[in-house]
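Quick notes on the structure that follows.
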Amino acid sequence: MPTQKTVSNRLFAILAKVMRVVISKAVAVQRQNGTYFPVKNAQGWQLDLQPERTFRLFNIFERRLYNEFHKNYPIQDVSDIKSVLLQEFGSSAQHQISPLLQGSRRVSSYVFDKELLSSVRIPCFMLPVSMLLAKAVPEKNTTLSVAENPPWFLAKFSGMVVSQSQSGLISDIQRFRFNQGLPEDLPHHELTAQNSWDAVLQGAMKVTPSELGSFWRRPDAAMLNTHWQPYAIVTVLLAGLYMLASSLLINHQTESRSAQISAMGDELNVLLDKQLTLTTDTTAIQSLATFQNEQVLVAPTWELVSYLLNQSAILLDIRQSLQTIELRGRAARATDVLMKLREYPLVQTAEFTSPTVKVENLEEFTVRIVLKKRATDAVK
Amino acid sequence: MPSNKIVLLSVLSVILVVKFALVPWYEAQNEQISELTVTTRKLAKATALQDQKQALDAELAKVAAIKQDLEKSLPNVADHNEISLQIQSEWQQFFEAQGTELKLFNWSGQAQQADTQYWTGRVTLTLVGKVHQIAAASVRLQQKTPGLSYSSFRMNRTQGLAFTDHAEAEFSVDVLYRLSPP
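One line per chain: the protein sequences are H and W, in this order.
Take the first sequence: its letters are residues 1 to 380, numbered as in the numbering used here.
Take the second sequence: its letters are residues 381 to 562, numbered as in the numbering used here.
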């Protein structure tokens with residue numbers, strides 16, 4: 001039985017083999033004099049020159065094939081920055097956008113050789129060598145000089161990566177540091193051409209997917225016009241795959257949830273019955289409560305009749321409909337009766353509904369009274 | 381093949397693909413999504429119910445006790461005629477005992493209370509007797525019948541009403557009862 005260590009060793013071996021295949025089949029190094037393919041041998045990774053310029057999925061560009069610009073933009077929105085960068089650098093540049101404080105962003109722009117770009121026929125990743133080399137260096141703050149032809153310098157300081165080719169003005173590492181405003185005491189490493197490419201391939205392994213996305217070069221319209229068939233096939237295949245996969249996923253989710261519900265079985269039915277009973281009982285209680293709240297009592301009406309008879313009024317007609325009572329009667333002064341009624345605690349409103357008339361020295365009145373709800377509740 | 385024919389064939393192919401592949405797939409997908417949404421809701425409800433099982437049992441017991449308590453005072457009958465006859469006979473005796481005469485008892489109809497077992501029957505009554513007896517009888521009737529509500533009341537006398545006078549009063553009352561068909 002294989003131990004855990006043996007299994008993980010085997011997995012690492014498989015992974016390393018896969019990475020070797022990916023590097024040797026999908027990576028190309030673009031240099032001034034042509035394309036180089038990485039080949040693994042006993043001494044490590046070697047670069048073999050190919051007779052024709054060829055592009056692969058991952059293309060690493062040597063330093064002299066691009067120019068580097070680093071700027072801060074006071075723009076928060078990434079799509080706005082991209083529009084500005086397109087105006088400023090055109091389509092031959094790739095940009096790495098990273099957030100800064102106070103809503104601004106720092107952009108590292110890599111402007112590639114236009115003549116070289118015109119020969120790119122496939123969509124691919126275009127990776128500047130300085131960015132990859134900086135990934136390979138473990139120190140946070142350091143400088144490097146790479147002994148290529150022409151030599152170039154790289155500085156990694158406070159999260160920024162800056163590189164420059166040697167020129168009349170930048171003739172050595174001191175002048176490069178001075179030009180970039182870097183401290184004199186930064187640790188420094190010198191790399192040979194061979195060492196640097198080994199380090200570049202190691203750095204390539206450390207690039208994150210989001211960083212990789214910044215260096216993706218989309219196919220342009222002219223390329224699509226002449227080479228549309230593979231894109232059409234891939235698009236149709238992807239669309240078909242999406243249609244199939246999404247349908248299968250939805251079906252799987254539905255079936256799995258239905259199975260979960262079925263697994264609950266009779267217990268669920270019992271619970272549903274109980275919930276239905278609870279709802280029915282609650283509705284019943286609410287219905288009874290509503291009836292009780294709207295219940296009209298007769299006692300307050302009789303209490304009011306008794307009160308009026310005690311005020312020496314003669315009552316001829318009493319009509320009650322829910323909380324409203326209409327009384328017709330006679331008294332020496334109808335307004336006195338109305339005043340008494342308005343003062344009575346059970347009465348909410350009282351008003352004459354028709355003009356008072358004199359009958360046998362008494363005033364005949366018709367008054368409409370609305371009883372207070374709380375008064376009837378109090379009686380209850 | 382001329383290029384315009386190629387364009388026409390391409391357009392036709394796209395239309396056919398949309399009509400016979402994309403649209404049916406889209407409709408089927410929508411149907412599947414609706415089914416998934418319903419199933420997801422069912423599952424969420426079922427899970428929530430399982431989680432609240434104890435609380436549900438406690439709430440059910442509490443509500444059942446309240447309902448039983450409220451129902452205690454309500455007449456329980458098998459059909460509407462039964463309640464009509466039952467209260468007519470009962471009330472006739474009651475009013476006689478109160479010194480009044482039930483001159484008219486008319487069951488006008490009944491209505492269901494929401495979607496429950498409870499119904500309200502509308503009864504028109506005419507009572508004859510002394511005013512104080514009518515007053516006392518109407519108040520006592522409501523005291524002994526908690527599910528009773530006076531919807532209207534009318535009484536008149538051309539010579540004027542006094543508690544000792546003989547008069548006739550018309551009442552319209554709603555009676556709450558429980559219908560439990562056998």
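Every residue, glycine too, gets a C-beta built ideally from N, C-alpha and C.
Source: prediction; values computed, not measured.
field: Residues near H/R342 by beta carbon distance below 6 Å, same chain, minus five either side
entry: A distance below 6 Å between beta-carbons, with the five flanking residues on each side excluded, links H/R342 to the following residues of its chain, in chain order: A350.
- prompt: What residues in its chain sit with their C-beta under 7 Å from that of H/K135, if we drop five residues either side in the sequence?
  reply: Excluding residues within five positions, the ones whose Cβ falls inside 7 Å are G203, K206, V207.
query: If you draw a straight line from the alpha carbon of H/D337 to that of H/V367, how long is it in whole angstroms?
result: Rather than Asp, the amino acid found at residue 337 of chain H in this sequence is Val. If you take the alpha carbons of H/V337 and H/V367, they lie about 9 Å apart.
query: When the Cα atoms are used, what is the spatial distance from W/I514 to W/A438?
result: Looking at the two C-alpha atoms, the distance is approximately 47 Å.
task: Give the straight-line distance between the Cα atoms of W/G489 and H/L315, rounded to the nearest whole angstrom.
output: So the alpha carbons of these two residues sit roughly 32 Å apart.
- request: Verify the CB distance criterion: does H/I233 have a CB-CB separation below 7 Å to chain A?
  value: You won't find chain A in this structure, because its protein chains are H and W.
- prompt: Is the CB of W/K422 under 7 Å away from at least one CB in chain H?
  reply: Yes, its Cβ sits closer than 7 Å to a Cβ of chain H.
- prompt: Quick one: Cα of H/I325 to Cα of W/T544, how far?
  reply: Distance from the CA of H/I325 to the CA of W/T544, rounded to the nearest whole angstrom, comes to 22 Å.
Endpoints, alpha helix (DSSP H) assigned at H/G203: If you look at H/G203, you'll find it in the alpha helix (DSSP H) that goes 193 to 205.
- prompt: At what residue ranges does the stretch 293 to 321 of chain H contain a whole run of the alpha helix (DSSP H), taking only runs of 4 or more?
  reply: Correct list: 299 to 310.
query: Quick one: does H/R368 have its CB under 7 Å from some CB of chain W?
result: Any Cβ of chain W closer than 7 Å to the Cβ of H/R368 would place that residue at the interface, and such an atom is absent.
message: According to DSSP, is H/L132 part of a helix, a strand, or is it coil?
response: If DSSP states are grouped into helix, strand and coil, H/L132 belongs with the helices.
Inter-residue CB distance, H/L271 and W/Q430 (contact presumed, cutoff 8 Å): At roughly 7 Å, the Cβ-Cβ gap stays under 8 Å, so H/L271 and W/Q430 are in contact.
query: Is DSSP giving H/S167 helix, strand or coil here?
result: It is coil, neither helix nor strand.
query: With DSSP run on the structure shown, which of helix, strand or coil describes W/P404?
result: Helix, per DSSP.
- prompt: Beta-carbon of H/D266 versus every beta-carbon of chain W: anything under 7 Å?
  reply: No, H/D266 does not count as interfacial toward chain W.
- prompt: Excluding sequence positions up to five away, which residues of its chain have a Cβ less than 7 Å from the Cβ of H/V370?
  reply: So the qualifying residues of the chain are Q323, T324, Q348, T349.
field: Contact with chain H by W/W405, beta-carbon distance below 7 Å
entry: At least one chain H Cβ lies under 7 Å of W/W405.
message: Rounding to the nearest angstrom, what Cα-Cα distance links W/T525 and W/Q472 in this structure?
response: Each residue's Cα considered, the two are about 14 Å apart.
- request: Using the DSSP secondary-structure output, state which residues sit across from H/L86 in a beta bridge.
  value: DSSP output for H/L86 lists no bridge partner at all.
- request: Mark H/W302 as exposed unless 16 or more other C-beta atoms lie within 10 angstroms of its C-beta, in which case mark it buried.
  value: With 16 or more Cβ atoms within 10 Å of its Cβ, H/W302 is classed as buried.
message: So, at 8 Å on beta carbons, what are the nonlocal neighbours of H/A331 in its own chain, with the 5 sequence-adjacent residues on each side left out?
response: Within the same chain, Cβ atoms closer than 8 Å to the Cβ of H/A331 are found at Q311, S312, A313, I314, V337, L362, E363, F365, the five residues on either side in sequence being excluded.
- prompt: On the three-state DSSP scale, how would you describe H/I75?
  reply: H/I75 sits in coil when the DSSP states are folded into three classes, being neither helix nor strand.
- prompt: When we look at the beta-carbon of H/Q50 and count the other beta-carbons within 10 Å, is it buried (16 or more) or exposed?
  reply: With fewer than 16 neighbouring CB atoms inside 10 Å of its own CB, H/Q50 falls in the exposed class.
query: Are H/Y402 and H/F112 closer than 7 Å when you measure CB to CB?
result: No answer is possible for residue 402 of chain H: the residues shown for chain H start at 1 and end at 380.
- prompt: For the beta strand (DSSP E) that contains W/A542, what are its first and last residues?
  reply: Careful: W/A542 lies outside any beta strand (DSSP E) and carries neither H nor E.
- prompt: Given a limit of 9 Å on CB to CB distance, which residues of the stretch 430 to 451 of chain W reach chain H?
  reply: Listed by position along the chain: Q430, Q432, K433, L436, D437, E439, L440, V443, A444, I446, K447, L450, E451.
- prompt: Are the C-beta of H/K274 and some C-beta of chain W separated by less than 7 Å?
  reply: At least one C-beta of chain W is nearer than 7 Å to the C-beta of H/K274.
query: Hey, does H/V207 have any beta-carbon neighbour from chain W nearer than 7 Å?
result: No, no contact with chain W.
query: At a Cβ threshold of 7 Å, is W/N456 touching chain H?
result: So, not an interface residue.
task: Measure from the C-beta of H/D336 to each C-beta in chain W and report whether the shortest distance is under 7 Å.
output: Not one chain W Cβ lies under 7 Å of H/D336.
- request: Could you list which residues in chain H have their beta carbon closer than 9 Å to that of W/L541, in chain order?
  value: Near W/L541 (Cβ distances below 9 Å), the residues of chain H are V305, L309, I314, L315, L316, D317, I318, G329.
field: CB contact check: H/V236 to chain W, cutoff 7 Å
entry: No, its Cβ sits nowhere closer than 7 Å to a Cβ of chain W.
query: Exposed or buried, H/H252, counting other C-beta atoms within 10 Å across all chains shown (16 or more means buried)?
result: It is exposed - the Cβ of H/H252 has fewer than 16 other Cβ atoms within 10 Å.
query: Under the three-state reduction of DSSP, which class applies to H/V379: helix, strand or coil?
result: Residue placement at H/V379 cannot be trusted, given a pLDDT of 47 that sits under 50; what the coordinates show is reported in the next sentence. DSSP, reduced to helix, strand and coil, places H/V379 within a helical segment of the structure shown.
- request: Just tell me which of H/K340, H/E139, H/V359, H/S167 has its CA closest to the CA of H/A155.
  value: The option with the nearest alpha carbon to H/A155 is H/E139.
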